[in-house]
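Residue numbers (the UniProt record's numbering): 1 to 233.
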């Protein structure tokens, strides 16, 4: 984006005018444009450019099981959560995103999608909370995790045919900042039908988009880098 909003005029790429109202953001937009506009739909009633905070927990139904709009109960879906998820999906070049109460909750959902007897390969210097989940909770559910300090080199030997279901990567890792060649690991994993998860918390989508390098799932603890690293004011 070459210039900002000035007296209602917005320009991109050598001053060429853009549509008014602005088009829905797509990955062709630069990061700053996506960060500001992705998920921020113009309110059709008021014309507001910033979505209002939705305080309602329930939504009107015109009949039993027939909600007036797309929402019925805030636990299953909420306008603000949808806005947030759409923004993160755009920033990560993803088809969709799901928001959870914490990064640990996201980790739990991913691991609990695996059946008992599944095998996971993870970088050894994974975030402490994730390591505890792998070794205590996942293990109790019958999911076994093998840790590797050099996953790009070891992955082929560590894969257990028919059992290995997931590769878990942090790059950079927390807190040792270890790096992993995501594309190399994903290429080998996909030859065996194994999914690759990348925890992108430390770099954020501003610097790295793991899906573009072959990852199948990318996750964040958004209260860290994206939110100013655990600072909320």
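The beta-carbon is built from N, C-alpha and C at its ideal position, and this holds for glycine as well. Values in this document were obtained by computation on a predicted structure and should not be read as measured data.
Asked	Found
Tell me whether the beta-carbon of residue 222 lies closer than 8 Å to the beta-carbon of residue 198.	no
So, is residue 96 buried or exposed, given that buried needs 16 or more other C-beta atoms within 10 angstroms?	exposed
By DSSP's criteria, residue 127 is part of a beta bridge. Which residues make up the other side?	Answer is none; residue 127 lacks a bridge partner.
To the nearest angstrom, how far is it from the Cα of residue 155 to the Cα of residue 72?	45 Å
Can you give, in chain order, each stretch of the alpha helix (DSSP H) that sits fully within the region 49-121 and has at least 4 residues?	79-91 and 103-112
Kindly indicate which three-state DSSP category residue 167 falls into: helix, strand or coil?	strand
Classify residue 180: buried if its beta carbon has 16 or more other beta carbons within 10 angstroms, exposed otherwise.	buried
In chain order, what residues of the same chain have a beta carbon less than 7 Å from the beta carbon of residue 69, not counting five sequence neighbours either side?	59
If you count every other CB in all the chains shown that lies within 10 Å of the CB of residue 130, and 16 or more means buried, which is it?	buried
Look at the alpha carbon of residue 109 and the alpha carbon of residue 47, and state the distance between them as a whole number of angstroms.	37 Å
Could you give the first and the last residue of the continuous beta strand (DSSP E) run that contains residue 199?	195-199
How big is the Cα-Cα spacing for residue 247 and residue 99?	The chain is shown from 1 up to 233; residue 247 falls before or after that span and cannot be answered.
May I have the straight-line CA-CA distance separating residue 142 from residue 160, to the nearest angstrom?	15 Å
Going by C-alpha distance, which of 216, 189 and 92 is nearest residue 226?	92
Considering Cα atoms alone, identify which of 87, 111, 173 and 146 is closest to residue 128.	173
What are the start and end residues of the alpha helix (DSSP H) that includes residue 190?	182-191
Quick check on the DSSP output: the alpha helix (DSSP H) that includes residue 234 runs from which residue to which?	The structure shown does not extend to residue 234, since the chain is modelled only from 1 through 233, so no value can be given for it.
Cβ of residue 94 within 8 Å of Cβ of residue 211?	yes
Does DSSP put residue 223 in a helix, a strand or coil?	coil
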